Amino acid sequence: MTIKNFTFFSPNGTEFPVGSNNDGKLYMMLTGMGYRTIRRKDWKSPLNTALNVQYVNTSIVAGGRYFELLNETVALKGNAVNYIHANIDLTQTANPVSLSAETSNNSNGVDINNGSGVLKVCFDVVTTSGTGVTSIKPILQASTLDSISANDLSLKDSINANNLSLKGSINANDLSLKDSINANNLSLKGSINANNLSLKGSINANDLSLKGSINANDISLRGTIDVPTQMLTIQTGNGMQLQFTKKNDDLVIVRLFGSVSTTKAGIKMSGPWVDKEFRPAVVQSIVGHFAGHETSFHIDIDTNGSITWWGPDIGKTPIATRGNGSYFIK
Numbered sequence: 001m002t003i004k005n006f007t008f009f010s011p012n013g014t015e016f017p018v019g020s021n022n023d024g025k026l027y028m029m030l031t032g033m034g035y036r037t038i039r040r041k042d043w044k045s046p047l048n049t050a051l052n053v054q055y056v057n058t059s060i061v062a063g064g065r066y067f068e069l070l071n072e073t074v075a076l077k078g079n080a081v082n083y084i085h086a087n088i089d090l091t092q093t094a095n096p097v098s099l100s101a102e103t104s105n106n107s108n109g110v111d112i113n114n115g116s117g118v119l120k121v122c123f124d125v126v127t128t129s130g131t132g133v134t135s136i137k138p139i140l141q142a143s144t145l146d147s148i149s150a151n152d153l154s155l156k157d158s159i160n161a162n163n164l165s166l167k168g169s170i171n172a173n174d175l176s177l178k179d180s181i182n183a184n185n186l187s188l189k190g191s192i193n194a195n196n197l198s199l200k201g202s203i204n205a206n207d208l209s210l211k212g213s214i215n216a217n218d219i220s221l222r223g224t225i226d227v228p229t230q231m232l233t234i235q236t237g238n239g240m241q242l243q244f245t246k247k248n249d250d251l252v253i254v255r256l257f258g259s260v261s262t263t264k265a266g267i268k269m270s271g272p273w274v275d276k277e278f279r280p281a282v283v284q285s286i287v288g289h290f291a292g293h294e295t296s297f298h299i300d301i302d303t304n305g306s307i308t309w310w311g312p313d314i315g316k317t318p319i320a321t322r323g324n325g326s327y328f329i330k
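For reference, each letter of the sequence shown is one residue, going 1 to 330 in UniProt numbering.
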């Protein structure tokens, strides 16, 4: 077993080794980078001349390796989408970095710091006409982190993380988490997608989709709230049918239809009972009426799932029923 100490263990810069592979891994760990992601900064905007793009002064980190593009020109294909790649080949010690324009994103994720091979990372998507550049779209600079903790977070694009906890507020276009969000205020131009959402303040978004629960003081949405939905339809032995729709594991909406026959007031209706997932915590009464008649009735849905008829006695001739109701199961 061996523990190797590198760069920052060296008081005078000579006691421990400084290696490019070790530094590359260090930079990737510090920024949450993967081998298919980059860090990129244009100190001066690239120039477009006919079917060429010139990187005047651009810094890039790929695979933990830092390099600069100074007046570097890449030839483009006309009437095409050009994917600009940085290619890092460490066997070419004099010129390990080259650029190429390709017809698709061929980022390959090769681990050049622990193995061998050529790392390819796409960092620009350039669209051309027959005579020049029509658009340039940089590849997003992504970080993969288990959790984020900060006072305030503001992004022009999207957030993607496992957990997100802030003392202040979140401001971004889109927010997607595998686990939970915890913050004071949340404001997004796009959508929220998470398991659970807990805020002391308010939510402001276009669309909200959660598998779990929302806890907040105020919620303001321009679009839709998407909550889990379960469906169940049963037909009693007396002919009446019940369609159950459960929303967010709590609210149950019941629709009555079909025709009922051969039953009396106070009799439990034969046939299947309500599934456990849809049963109320206390007995619920759902009111219905006979189609085309003024007569009404109601049924009781018991906590054990049984259904009791409370209406006039019905003979062998079926009578059509209609009705709607709802209840909470918690």
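Using N, Cα and C, we set each Cβ at its ideal position, and we do this for glycine too. Here the structure is a predicted model, which means the values were calculated and not measured.
Please check the pair residue i and residue j, which I expect to be a contact at CB under 8 Å, by giving their CB distance rounded to whole angstroms.
{"i": "I307", "j": "W273", "result": "7 Å"}
{"i": "I314", "j": "S261", "result": "6 Å"}
{"i": "V110", "j": "L99", "result": "With a Cβ gap of about 17 Å, V110 and L99 do not count as contacting."}
{"i": "Q241", "j": "G258", "result": "4 Å"}
{"i": "L69", "j": "A101", "result": "Not quite, the Cβ-Cβ distance comes to about 14 Å (not below 8 Å), so this is no contact."}
{"i": "I203", "j": "S220", "result": "7 Å"}
{"i": "D249", "j": "P228", "result": "6 Å"}
CB-CB under 8 Å to residue i, same chain, minus the five flanking residues each way: which ones, in chain order?
{"i": "S270", "result": "T236, G237, N238"}
{"i": "A50", "result": "T131, G132"}
Would you give the residue range spanned by the beta strand (DSSP E) that residue i belongs to?
{"i": "S147", "result": "147–150"}
{"i": "D89", "result": "81–89"}
{"i": "G288", "result": "284–290"}
{"i": "N71", "result": "65–75"}
{"i": "L242", "result": "240–247"}
{"i": "A50", "result": "Here A50 belongs to no beta strand (DSSP E), and DSSP marks it neither H nor E."}
{"i": "S259", "result": "251–260"}
{"i": "T229", "result": "229–235"}
{"i": "D124", "result": "118–128"}
{"i": "W309", "result": "307–310"}
{"i": "H298", "result": "296–301"}
{"i": "G325", "result": "319–328"}
{"i": "residue 341", "result": "Here the chain covers residues 1 to 330 and nothing more, so residue 341 does not appear."}
{"i": "K137", "result": "133–138"}
{"i": "V97", "result": "97–102"}
Got a sec? Which residues, its chain only, sit under 6 Å from residue i by beta carbon, not counting five neighbours each side?
{"i": "D302", "result": "V283"}
{"i": "N324", "result": "R255"}
{"i": "K41", "result": "S59"}
{"i": "Q243", "result": "T233, R255"}
{"i": "F297", "result": "G288, G311"}
{"i": "K264", "result": "D313"}
{"i": "K137", "result": "V125"}
{"i": "N106", "result": "K120"}
{"i": "K44", "result": "V56, N57"}
{"i": "N108", "result": "K120"}
Flag this pair as yes or no: are the beta carbons of residue i and residue j separated by less than 8 Å?
{"i": "T31", "j": "S143", "result": "yes"}
{"i": "I88", "j": "V74", "result": "no"}
{"i": "I60", "j": "C122", "result": "no"}
{"i": "G132", "j": "N48", "result": "yes"}
{"i": "T37", "j": "N82", "result": "no"}
{"i": "V56", "j": "N71", "result": "yes"}
{"i": "A291", "j": "T317", "result": "no"}
{"i": "G63", "j": "I112", "result": "yes"}
{"i": "R65", "j": "G34", "result": "no"}
{"i": "S326", "j": "V252", "result": "yes"}
{"i": "K268", "j": "G305", "result": "no"}
{"i": "F278", "j": "K247", "result": "no"}
Which residue comes first and which comes last in the alpha helix (DSSP H) that contains residue i?
{"i": "T31", "result": "20–31"}
Quick one: is residue i near chain C, going by C-beta distance under 8 Å?
{"i": "V110", "result": "The chain inventory of the structure shown lacks chain C, comprising one protein chain alone."}
Kindly list the residues whose CB is nearer than 7 Å to the CB of residue i, restricted to its own chain and excluding five residues on each side of it in sequence; keep chain order.
{"i": "A94", "result": "none"}
{"i": "F67", "result": "I60, V97"}
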